[in-house]
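Following: one structure in structure tokens, then a few remarks.
Numbering (UniProt numbering), first residue to last: 1 to 84.
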């Protein structure tokens, strides 16, 4: 049982790292689209602007909450299925 939870935890941590990196760059593209700027025209001088960082951290927080909800649901499912 312990090995199963370690594997689940490692997979979720790798997913979180990937999602955090992906979100940081995807929010830059969606930010450009939202402000009617061509998505390929990334202004790197504005990459760490306050508004963009707030937007990016909100997206990362959303994915983090979704990850913990997934962990909770997997935990409940494991109790119902008796994976122990």
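Yeah, the Cβ is synthetic: ideal placement off N, Cα and C, and Gly gets one too.
Predicted model, so just to flag it, every value in this text is computed and none were measured.
Using 8 angstroms as the Cβ pair cut-off and three pairs as the minimum, do the region 61-78 and the region 5-20 touch?
The region 61-78 is in contact with the region 5-20.
Check whether the Cβ atoms of residue 12 and residue 69 sit closer than 8 angstroms, and answer yes or no.
As a working note, residue 12 is residue 12 in the chain shown. As a working note, residue 69 is residue 69 in the chain shown. Annotated as distal: residue 12 and residue 69, with beta-carbon spacing of 8 angstroms or more.
Look up residue 49 in the DSSP assignment and say whether it is helix, strand or coil.
For the purposes of this step, residue 49 is taken as the residue at position 49 of the chain shown. Three-state DSSP puts residue 49 in coil, outside helix and strand.
Candidates 74, 59, 78: which alpha carbon is nearest residue 26's?
Counted from its first residue, the chain shown places residue 26 at position 26. It is 59 whose Cα lies nearest to the Cα of residue 26.
Nearest to residue 52 by alpha carbon, out of 6, 30, 4?
Taking the chain shown and counting its residues from 1, one reaches residue 52 at position 52. Minimum Cα distance to residue 52 is reached at 30.
May I have the straight-line CA-CA distance separating residue 9 from residue 80, to the nearest angstrom?
The residue given as residue 9 occupies position 9 in the chain shown. The residue given as residue 80 occupies position 80 in the chain shown. Going from the Cα of residue 9 to the Cα of residue 80 covers about 19 angstroms.
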